[in-house]
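Undergrad:
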Amino acid sequence: MNSAAAHFVSKKPFQPQAIEELSPEQERYHLASQWRLMWWKLKRHRLAMVSGVVLLLMYGSIAVTEVLAPYNLHTRNTDYIYAPPQSLHLFHEGRFVGPFVYGFDYHLDLRRLRHVYTPDTGDVQRLRFFCRSDPYHFWGLFESRVHLFCAARGGTVFLLGTDRLGRDVLSRILYGARISLTIGLVGISVSLILGVIIGGIAGYYGGVVDHLVQRAIEIIRSFPELPLWMALSAVLPVNWSPLLIFFGITVILALLDWTGLARSVRSKLLALREEDYCAAAQLMGARPRRIIGRHLLPGFLSHIIASASLSIPGMILGETALSFLGLGLRPPITSWGVLLNEAQEIEVVKLYPWLMLPVVPVILIILAFNFFGDGLRDAADPYKQ
Amino acid sequence: MLAYILRRIAYMVPTLLVISFIVFVIIQLPPGDYLESHIAELQSQGETVDEGKIAFLRKQYGLDKPFYLQYLHWVWGMLHGDFGYSFEHGLPVSEVVGDRMALTVLIAFATTLFTWLLAFPIGVYSATHQYSWGDYGLSLLGFIGLATPNFLLALVMLHLANVYFGTSIGGLMDPQYINAEWSVDKLLSVLEHLWIPVVIIGTAGTAGMIRRLRANLLDELQKQYVVTARAKGLAERKVVRKYPLRMALNFFIADIGSLLPTLISGAEITAVVLSLPTTGPLLLESLQSQDMFLAGSFLMFLAALTVAGVLVSDLLLAVLDPRIRLQGGTGK
């Protein structure tokens, strides 16, 4: 026998439940609410967190668009039609001047009928910050002229160039975000409400109701998405105001989207309504609306919302595509799709490639929503550690 | 199995009927009809309207009758192979569409092949090398392909092809071949143009497919039979190929359902930008000009193909996967 193994007795008092007792962290974990657990899991997903920050910034920007944009949505700089982007400089001839742009040397190439702009390196135009420029109505509340940055007096600042009417592309992209970003959220809300109500009714009652809803969903799903979107948007009357068209398009996008959500709500409810706590609620005389809304839905709503967030990019792309084809939103409502509609011609790619820049925020927002939605869904899944 | 097939087919009939009704309502929704706007247009240009022809068309297609009779007339015609008359083109719908069919199917076929050939190896690689640099890089590429709007990619590719390869812009062949007989030169010209739409339409589909193949394969790779196979000492390649890959393949088959309608609709937006002589731009035009029978038959056709496609893929899945077959059709 090995005598080196010394006999050891702990001096600590003997506690038979020591193994079952939870450390403070474990206790915190076990007592945490569902949303808190989700948050912890989400925090571990780095890509999702980065995407979340990007989304927050983008949605934050639409609250203060008027201040961020150097020009107004419809400001026309008729002297600068199809001006190329002005790049931002810090140093002029080795000397630090702060952020500035060079002015334009402009002449009309009569032989090829083109506007030719060349940066004039003698003309230094320092940007002004928190300065006064185009007047605007801030959310229609009060009038102001303060912008985050604007051009030097008598100068211009077109960081992303101008379009065929001399409107600043950067400002238009910033204003376009308002429509493009909200259309996805409004659309998904409509689709979520429809999905939860219809799926909830089907799942809770089962039987004939369920059967009917299932058939209806199958029928809606057997329509190819884009042609039906096209057909429905072509139906929107021409004399509607642009705002009504906006809501029309949103509803159209949502009408085809709720089926997937309704299906998952239904299948979850079908399983959950057999649970004892549901029977208990029924015995106590709760009405179906209360049972569904109060007892059943909260159990899996987080997961449904997470899945729903994954179909927002589809809606944004859908709106962009419809507007690009001229079936979607119409000016003066400006979305990224409406902006891209102006980049439809092959000449644009060749001569004015900066008009295609609105596609950059489209790609960004879609990537961000995809990654964030993925992370959110993983975080909301109670079976994933 | 036979009962399963029969029941599925029996379900299709009412589904298609309801779909036809919805389609008819949609194409009837805009106020007025094509003939009315057509007459107004002609009159505004100071041209005479052939009253006799208008009256004939109106009577032939029952445009003067109440809504439900028009609907019955339309459905009855379709059952007999008469898809109506395209007012815009002045031809029966079947002829207008028929012209463009061959090229549409060609593009759809080439695109599908491209997507599968690309998505399959990449998906398998991503799943077996999870969280490697290759996986991240390919996933990112796939995501960007998914997020870029097709129409813009189409414009840029068109421009690049024109600058670097001198490919003529738009269409599916050089202009001089459009009405020419088929010859080797014409075929080459078509091939020269074909790759652009194939790559553009393909990229979006590829990204989605890679993601799904990767997710499915990853699920399978974690199952215990894979551990067993490894424990038996099977080579890693053989483990993947023999079991999990075959399971993950199911969704390729499920995809056939969505493949059939794309054969007809042919990626509308890309086709519009590239002005391809396929059916996509035709559908868009017909919707915009209220050419109701052309649009209606199109939508109906697409929906019918989707329903048929779902049936085919369900049946194929049932044949291939005994778990679905033995559940007797509850696996909806």
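Taken in order, these protein sequences are the chains called A and X.
One rule links them: number in my numbering = place in the first sequence (from 1) + 6.
One rule links them: number in my numbering = place in the second sequence (from 1) + 1.
By construction, the Cβ of each residue, glycine as well, lies at the ideal position given by its N, Cα and C atoms.
Of all Cβ atoms in chain D, is any one closer than 8 Å to the Cβ of residue 185 of chain A?
TA: Of the protein chains in the structure, A and X, none is chain D.
Undergrad: Taking only beta-carbon atoms, is residue 109 of chain X less than 8 Å away from chain A?
TA: So, not an interface residue.
Undergrad: Between the C-alpha atoms of residue 89 of chain A and residue 110 of chain A, what's the straight-line distance to the nearest angstrom?
TA: Going by the C-alpha atoms only, they are around 9 Å apart.
Undergrad: Assuming the contact rule is C-beta atoms closer than 8 Å, residue 168 of chain X and residue 280 of chain X should be a hit. Round their C-beta distance to whole Å, please.
TA: Rounded, the Cβ-Cβ distance is 23 Å, inconsistent with contact.
Undergrad: Hey, how far is the Cα of residue 71 of chain A from the Cα of residue 141 of chain A?
TA: If I take the Cα positions, the gap works out to 13 Å.
Undergrad: If you draw a straight line from the C-alpha of residue 161 of chain X to the C-alpha of residue 110 of chain X, how long is it?
TA: Cα-Cα distance, rounded: 24 Å.
Undergrad: Check each candidate in A:36, A:379, A:175, A:231 and name the one with the smallest Cα separation from residue 308 of chain A.
TA: Residue A:379 is the option with its Cα nearest to residue 308 of chain A.
Undergrad: I'd like the ranges of any alpha helix (DSSP H) spanning at least 4 consecutive residues and lying wholly in the segment 222-310 of chain X.
TA: If we require 4 residues or more, the alpha helix (DSSP H) runs fully inside the segment 222-310 of chain X come out as 225-232, 237-243, 245-249, 251-266, 269-274, 280-289.
Undergrad: Would DSSP call residue 323 of chain X helix, strand or coil?
TA: Helix.
Undergrad: Taking only the alpha-carbon atoms, compute the straight-line gap between residue 126 of chain A and residue 152 of chain X and give it to the nearest angstrom.
TA: Roughly 36 Å separates the two Cα atoms.
Undergrad: Between residue 322 of chain A and residue 20 of chain X, what straight-line distance do the alpha-carbon atoms span, to the nearest angstrom?
TA: In a straight line, the C-alpha of residue 322 of chain A is about 27 Å away from that of residue 20 of chain X.
Undergrad: Taking Cβ-Cβ distances shorter than 7 Å, what residues in chain A pair up with residue 144 of chain X?
TA: Those within 7 Å of residue 144 of chain X in chain A are 373, 376.
Undergrad: If you measure between the beta carbons of residue 384 of chain A and residue 47 of chain A, is that distance less than 8 Å?
TA: Yes; because the gap between Cβ atoms is below 8 Å, this pair is in contact.
Undergrad: What residues of chain X sit near residue 87 of chain A, judged by a beta carbon separation below 8 Å?
TA: By Cβ distance, chain X contributes nothing, its closest Cβ being about 21 Å from residue 87 of chain A, past 8 Å.
Undergrad: Is the shortest distance between the beta-carbon of residue 280 of chain A and the beta-carbons of chain X less than 8 Å?
TA: Closer than 8 Å: no.
Undergrad: Taking the alpha carbon of residue 217 of chain X as the point to measure from, which residue in X:302, X:271, X:127, X:133 has its own alpha carbon closest?
TA: Among X:302, X:271, X:127, X:133, the Cα nearest to that of residue 217 of chain X belongs to X:127.
Undergrad: For residue 151 of chain A, does the three-state DSSP call read helix, strand or coil?
TA: It is a strand residue.
Undergrad: Looking at residue 334 of chain A and residue 328 of chain A, is the spacing between their C-beta atoms short of 8 Å?
TA: For residue 328 of chain A and residue 334 of chain A, yes; Cβs fall inside 8 Å.
Undergrad: Assign residue 83 of chain X to one of three DSSP states: helix, strand, or coil.
TA: Reduced to three states, the DSSP call for residue 83 of chain X is coil.
Undergrad: Report yes or no: is there a C-beta of chain X within less than 8 Å of the C-beta of residue 384 of chain A?
TA: No, residue 384 of chain A lies away from the interface with chain X (no Cβ there is under 8 Å from its Cβ).
Undergrad: Would you verify that the beta carbon of residue 253 of chain A is, or is not, closer than 8 Å to some beta carbon of chain X?
TA: So, not an interface residue.
Undergrad: Would you check if there are 3 or more beta carbon pairs closer than 8 Å linking the segment 337-345 of chain A to the segment 184-194 of chain A?
TA: Yes, they touch.
Undergrad: CA-CA distance, residue 130 of chain A and residue 150 of chain X?
TA: Cα to Cα, residue 130 of chain A sits roughly 38 Å from residue 150 of chain X.
Undergrad: Are there 16 or more other CB atoms within 10 angstroms of the CB of residue 264 of chain A, so buried, or fewer, so exposed?
TA: So residue 264 of chain A counts as buried.
Undergrad: Counting pairs of Cβ atoms below 8 Å between the segment 80-90 of chain X and the segment 280-299 of chain X, do you hit three or more?
TA: Result yes; three or more Cβ-Cβ pairs closer than 8 Å.
Undergrad: Say whether chain X places a C-beta atom closer than 8 Å to the C-beta of residue 228 of chain A.
TA: It does: the Cβ of residue 228 of chain A has a partner Cβ on chain X nearer than 8 Å.
Undergrad: Give the DSSP-derived three-state secondary structure of residue 92 of chain A in the structure shown.
TA: DSSP places residue 92 of chain A in coil when its eight states are reduced to three.
Undergrad: For the beta strand (DSSP E) containing residue 22 of chain X, name the first residue and the last one.
TA: Careful: residue 22 of chain X lies outside any beta strand (DSSP E), inside the alpha helix (DSSP H) at 3-29.
Undergrad: I'd like to check one pair, residue 287 of chain A with residue 382 of chain A: are the Cβ atoms closer than 8 Å?
TA: No, the Cβ-Cβ distance between residue 382 of chain A and residue 287 of chain A is not below 8 Å.
Undergrad: By Cβ distance, which residues of its chain are closer than 7 Å to residue 340 of chain A, with the 5 residues on each side in sequence left out?
TA: The residues are 79, 178, 181, 182, 185.
Undergrad: List the whole-angstrom C-beta distance separating residue 156 of chain X from residue 352 of chain A, where the pair is believed to meet the contact cut-off of C-beta under 8 Å.
TA: Between residue 352 of chain A and residue 156 of chain X the Cβ distance is about 6 Å, and since that is below 8 Å, they are a contact.
Undergrad: Check whether chain A comes within 8 Å of residue 221 of chain X, counting only Cβ atoms and requiring the distance to be less than that.
TA: No - not a single Cβ of chain A is within 8 Å of the one on residue 221 of chain X.
Undergrad: Please state the DSSP three-state secondary structure of residue 125 of chain A.
TA: It is a strand residue.
Undergrad: Compare the C-beta of residue 7 of chain A against all C-beta atoms of chain X and say whether one is closer than 8 Å.
TA: Residue confidence for residue 7 of chain A is low, a pLDDT of 48 falling below 50, so the modelled location carries little weight and cannot support an answer.
Undergrad: Please decide whether residue 237 of chain A counts as near chain X, where near means a Cβ-Cβ distance under 8 Å.
TA: Residue 237 of chain A counts as touching chain X.
Undergrad: Go ahead and label residue 211 of chain X buried or exposed: buried means 16 or more other beta carbons lie within 10 angstroms of its beta carbon, across all protein chains shown.
TA: The residue is buried, with at least 16 neighbouring Cβ atoms inside 10 Å.
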